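Working notes for the structure below.
Protein chains: 2
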Amino acid sequence: MKIAKKLDEFGVDYIEGGNPGSNPKDVEFFEKVKDIEFTNAKLVAFGSTRRAGIKPDEDANLAALLRSETSVVAIFGKSWDFHVTDVIRTTLDENLNMIYDSIAYMKQNGKEVVFDAEHFFDGYKANPEYALKTLEVAAQAGADWLVLCDTNGGSFPSEIAQIVKVVVDRFSSIPIGIHCHNDGGMAVANSIMAVEQGVVQVQGTFNGYGERCGNANLCTIIPNLQLKRNFYCVPPQSIAGLTSVSRYISELANMAPNERDPYVGNCAFAHKGGMHVDAILKNPASFEHVPPESVGNERRILMSEVAGRSTILGKIQKVAPWVTKSSPEVQKIIDELKRLEHEGYQFEGAESSFELLVRRALGKDHKFFEVKDFRVLCEEPWQGDYSASAIIKVRVDGVEEVTAAEGDGPVNALDKALRKALEVFYPQLKKMRLTDYKVRVLDTSKATAAKVRVHIESTDGERVWGTVGVSTNIIEASWNALVDSIEYFLYNEMGM
Amino acid sequence: MKIAKKLDEFGVDYIEGGNPGSNPKDVEFFEKVKDIEFTNAKLVAFGSTRRAGIKPDEDANLAALLRSETSVVAIFGKSWDFHVTDVIRTTLDENLNMIYDSIAYMKQNGKEVVFDAEHFFDGYKANPEYALKTLEVAAQAGADWLVLCDTNGGSFPSEIAQIVKVVVDRFSSIPIGIHCHNDGGMAVANSIMAVEQGVVQVQGTFNGYGERCGNANLCTIIPNLQLKRNFYCVPPQSIAGLTSVSRYISELANMAPNERDPYVGNCAFAHKGGMHVDAILKNPASFEHVPPESVGNERRILMSEVAGRSTILGKIQKVAPWVTKSSPEVQKIIDELKRLEHEGYQFEGAESSFELLVRRALGKDHKFFEVKDFRVLCEEPWQGDYSASAIIKVRVDGVEEVTAAEGDGPVNALDKALRKALEVFYPQLKKMRLTDYKVRVLDTSKATAAKVRVHIESTDGERVWGTVGVSTNIIEASWNALVDSIEYFLYNEMGM
Chain E
1 MKIAKKLDEF GVDYIEGGNP GSNPKDVEFF EKVKDIEFTN AKLVAFGSTR
51 RAGIKPDEDA NLAALLRSET SVVAIFGKSW DFHVTDVIRT TLDENLNMIY
101 DSIAYMKQNG KEVVFDAEHF FDGYKANPEY ALKTLEVAAQ AGADWLVLCD
151 TNGGSFPSEI AQIVKVVVDR FSSIPIGIHC HNDGGMAVAN SIMAVEQGVV
201 QVQGTFNGYG ERCGNANLCT IIPNLQLKRN FYCVPPQSIA GLTSVSRYIS
251 ELANMAPNER DPYVGNCAFA HKGGMHVDAI LKNPASFEHV PPESVGNERR
301 ILMSEVAGRS TILGKIQKVA PWVTKSSPEV QKIIDELKRL EHEGYQFEGA
351 ESSFELLVRR ALGKDHKFFE VKDFRVLCEE PWQGDYSASA IIKVRVDGVE
401 EVTAAEGDGP VNALDKALRK ALEVFYPQLK KMRLTDYKVR VLDTSKATAA
451 KVRVHIESTD GERVWGTVGV STNIIEASWN ALVDSIEYFL YNEMGM
Chain X
1 MKIAKKLDEF GVDYIEGGNP GSNPKDVEFF EKVKDIEFTN AKLVAFGSTR
51 RAGIKPDEDA NLAALLRSET SVVAIFGKSW DFHVTDVIRT TLDENLNMIY
101 DSIAYMKQNG KEVVFDAEHF FDGYKANPEY ALKTLEVAAQ AGADWLVLCD
151 TNGGSFPSEI AQIVKVVVDR FSSIPIGIHC HNDGGMAVAN SIMAVEQGVV
201 QVQGTFNGYG ERCGNANLCT IIPNLQLKRN FYCVPPQSIA GLTSVSRYIS
251 ELANMAPNER DPYVGNCAFA HKGGMHVDAI LKNPASFEHV PPESVGNERR
301 ILMSEVAGRS TILGKIQKVA PWVTKSSPEV QKIIDELKRL EHEGYQFEGA
351 ESSFELLVRR ALGKDHKFFE VKDFRVLCEE PWQGDYSASA IIKVRVDGVE
401 EVTAAEGDGP VNALDKALRK ALEVFYPQLK KMRLTDYKVR VLDTSKATAA
451 KVRVHIESTD GERVWGTVGV STNIIEASWN ALVDSIEYFL YNEMGM
């Protein structure tokens, strides 16, 4: 739901939300998504043609599509004769009937219909007459779109161009689309080749997520077409939000963003080494195919002290507007920020931790409490309801409090013990609670010795704030984020 | 050195080992590599044309190339007029002289010379006459190869094809090469388009490693050309070793392998969802562009709630071939799978945990070891290098072993203690190590009391396998995945 909303805001035209005939999760999505109002995008439900030998109104998948109540449906059907005979095991004629009937039925029900011609390119290579016949039948049944799918993802760009041209020439009155998979590593190029031949719908996914090697990556295709070929894919003012949309989606999907992704990756505009950096400083176009800010990304000069000073200043001024470029504290904060980012901190979505960092650097911080020590223990086998316990000692204004708590795991035990100890001094902490807790393992190849970044979101019922902690020890990383969250709450409570 | 040896074994023709004029590490490489005897590959040293205004024999970079004592050198020179005037800041004529002199000098010294025409495509688009002139001069100086570079990586496949054709037609007596970067996500396709126009050398890197978005990925280009277009890139018997070479290199480079990489990625032949799996079982060509074994990869059938009964059956039969659709155990396993998935387990990418589940359900499991108890302690402040410690007691064949370990965090401490205890009984465990560790917080709104799912990937240097664990206690979740990983390894080691 969050991703659909974000894509709509970004300005994509169609959002395919799932296959309601295949599983209850997708049914639930279409049920719940009815409450969302989309401003740009049309929502699409996806499903197959009717099964062989039955009528469309007897087919459970088609019924599920109608129950989704989307204005658009995408119907996929077989265009490769081998799939008809060997996989769904029916006759070539019945497959044509299945395509015709399913699309006609959807048209009778008032839908905009996208026909996804599955395995179209493999089908065309094996039996061009039959593959084209499936498109013809779909067109006769009233399909609004004919979309050519490279389902197995193994086609070459020159093949795609040649075959798309045949289709575009033949079906001049129906808009044609393309749907590529990345098994040959060429999904983006294949989509672009198709567009150059007259295709006007590109199906793909953000960050290229998808089965096997993924679908065509829209985060690459959109800027390729819009920035370099002047195609209108999304509203022009949206493009500068591309990097942030890409990262938002990877965050929700809990997938580490690929740093080498074109346009949106963390390394996409990273420069290193004397000669290249020299050239970039003389003129960025020397080693950048587009300006990084055009897609909301940033240039990174690796190994260089001058990197991004103004970017960081902007961040500082958000917290402390009186700080200027020449304030002596700026260098100190930049150094600290760089050190922390190098350690794996990321302050996007954790602005409260950044605010605390700035406070500390500017000497505007206040010590609400001091943690003398803590100890967390997990045992197997364990007795009772909880698998972990924590003992903690805090000191506030010279008064010590020692307490303990049990919890669902070590972090929960520590969280409970800390609050219990602090509530003695700050009863208002009862208002505050955690609403979100995320863990991301950085450098996963270091296995259990890897660093983890913990993101916590908290609320007092009115405000919501985010904090972050990093450590090779998940308990410590959680602890850092937790302490930041409580401190941030206390600053606000005390109006400091 | 190890990578160079591996590439030679694999059968590549040229290995570019670095730029000895730019840094001491590369000088050292060429010094040491003299001791290696290559059977297939020629080693190449890489460097720029002489600097403006001096003679070639006065140039330090060219001297460094000669000192490398490789039979081949690659000389890169500017083909984009803007780079000549605005970056190296010399005249267009002097740049032509620099190219001529440097190549002629290398030819006088008996080298095979590759001329890398830097920014050739951007240069051609800006000033085609001048770009072609740089090639002409290189040819006149005796260059053995003219390589066209898309240095900024932003060109489109159709542009590449068109421009390469001009060059191939014009320089019919010199072999032409291509060197693409991936900033537009099309480096593989661009290389292939160039080959289709007559290019006979493709420069790229294994796994696509390279600055910014990377170089053209040879792990994709080689099978694309060799398996689908019958080009001879490497000896035919080598291709089946591609996946293993790719992983060996990522291992040495300490980069997590990209699981979605074409051909060699762990997901490249992974199938999910009832319909696709059904089709794959009928005929693998239905959803695979090449057979996975052709590149030394494996088909994986992913487990999930949407997987059809036949997927699960196929998976069960891998462990217990005698089980049929109607065996009473099938329902038991399906029920157990559903229960675990409801609890938050996900067996996609954790097929080994699923295999163990099947073994247990069928009573075909073996108790390699029993963990009597463990205890994990984290303290703040801590002394020494490690923030956590674990004590563990295991029992194997009636013999108990008690041991302890410290670690970077509680999970790492427990991981180390468990292995230490078990290696007493199973020394072969030293071969096995963890390559990936992921944590996902399920139901993040429960904050620190939320369930977490831990995903572990392990290797014994040859095979890679994944396991999973779920608990509200991250230590326990990690523990479950860890124990599964070790058990799975032992089943394989013992041939059970």
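Those protein sequences? They're chains E and X, same order as listed. According to UniProt numbering, the residues represented by the first sequence are 1 to 496, in order. According to UniProt numbering, the residues represented by the second sequence are 1 to 496, in order. Ideal Cβ positions, reconstructed from N, Cα and C, are used throughout, including at glycine. This one's a predicted model, so the numbers in the text were calculated from it and none came from an experiment.
- Residue 360/X: member of the alpha helix (DSSP H) spanning 351-361, first to last residue.
- Counting only the Cα atoms, residue 448/X lies some 32 Å from residue 358/X.
- Judged by pairs of C-beta atoms under 8 Å, the segment 113-122 of chain X touches the segment 66-85 of chain X, as three or more such pairs exist.
- The contact set of residue 289/X on chain E, defined by CB atoms closer than 7 Å, consists of 152, 153, 154, 183, 184 in chain order.
- For residue 482/E, the uninterrupted alpha helix (DSSP H) run begins and ends at 474-493, by DSSP.
- In the structure shown, residue 146/E falls within a strand segment according to DSSP collapsed to helix, strand and coil.
- Counting only Cβ-Cβ distances below 8 Å, residue 245/X has no contacts in chain E at all, with the closest Cβ about 16 Å away.
- Exposure of residue 322/X is indicated by the presence of fewer than 16 other C-beta atoms within 10 angstroms of its C-beta.
- In the DSSP secondary-structure assignment, residue 465/E is bridged to 458/E.
- Under DSSP, the beta-bridge partners assigned to residue 441/E are 452/E.
- By the 16-neighbour rule on beta-carbons within 10 angstroms, residue 408/E is buried.
- Taking 7 Å as the CB threshold, residue 214/E lines the interface with chain X.
- For the pair residue 405/X and residue 413/X, the CB atoms are nearer than the 7 Å cut-off.
- For a cut-off of 8 Å, the C-beta gap from residue 52/X to residue 98/X is around 6 Å, short enough to register as a contact.
- By the CB criterion at 7 Å, residue 442/X and residue 451/X fall inside the cutoff.
- Excluding sequence positions up to five before and after residue 487/E, its CB lies within less than 7 Å of the CB of 356, 368, all in the same chain and listed in chain order.
- Non-local C-beta neighbours of residue 301/X in its own chain, meaning closer than 7 Å and more than five positions away in sequence, comprise 271, 277, 311, 314, 315, ordered along the chain.
- Assignment of beta-bridge partners to residue 201/E by DSSP yields 177/E.
- If you draw a straight line from the Cα of residue 135/E to the Cα of residue 155/X, it is about 33 Å long.
- The Cβ of residue 266/X sits no closer than 7 Å to any Cβ of chain E.
- Bridge pairing for residue 419/E: absent [DSSP].
- Here residue 390/E is buried, its C-beta having at least 16 other C-beta atoms within 10 Å.
- By the CB criterion at 7 Å, residue 218/X and residue 176/X fall outside the cutoff.
- Taking C-beta separations shorter than 6 Å and ignoring five residues to either side along the sequence, the partners of residue 481/E in its chain run 454, 456, 467, 468, 469, following chain order.
- DSSP places residue 25/E within a helical segment (H, G or I) once states are collapsed to three.
- In the DSSP assignment, the residues bridged to residue 73/E are 45/E, 113/E.
- For residue 387/E, the chain X residues whose Cβ falls inside 7 Å of its Cβ are 473, 476, in order along the chain.
- Between residue 157/E and residue 157/X, the gap from beta carbon to beta carbon is short of 7 Å.
- The C-beta of residue 54/E has fewer than 16 other C-beta atoms within 10 Å across all chains shown, which makes the residue exposed.
- When the five nearest sequence neighbours on each side are left out, the beta carbons in the same chain lying within less than 8 Å of the beta carbon of residue 26/X are those of 17, 18, 19, 20, in order along the chain.
- Taking a contact as a CB-CB distance under 8 Å, the pair residue 373/X and residue 381/E counts as one, their CB atoms being some 6 Å apart.
- Interface annotation, residue 124/X: not in contact with chain E, CB-CB separation never under 7 Å.
- Distance between residue 36/E and residue 50/E, taken at the CA atoms: about 29 Å.
- The beta-bridge partner set that DSSP reports for residue 471/X consists of 452/X.
- At least 7 Å separates the CB of residue 63/X from every CB of chain E.
- Under the Cβ distance rule, residue 337/E does not count among the residues neighbouring chain X, no pair being separated by less than 7 Å.
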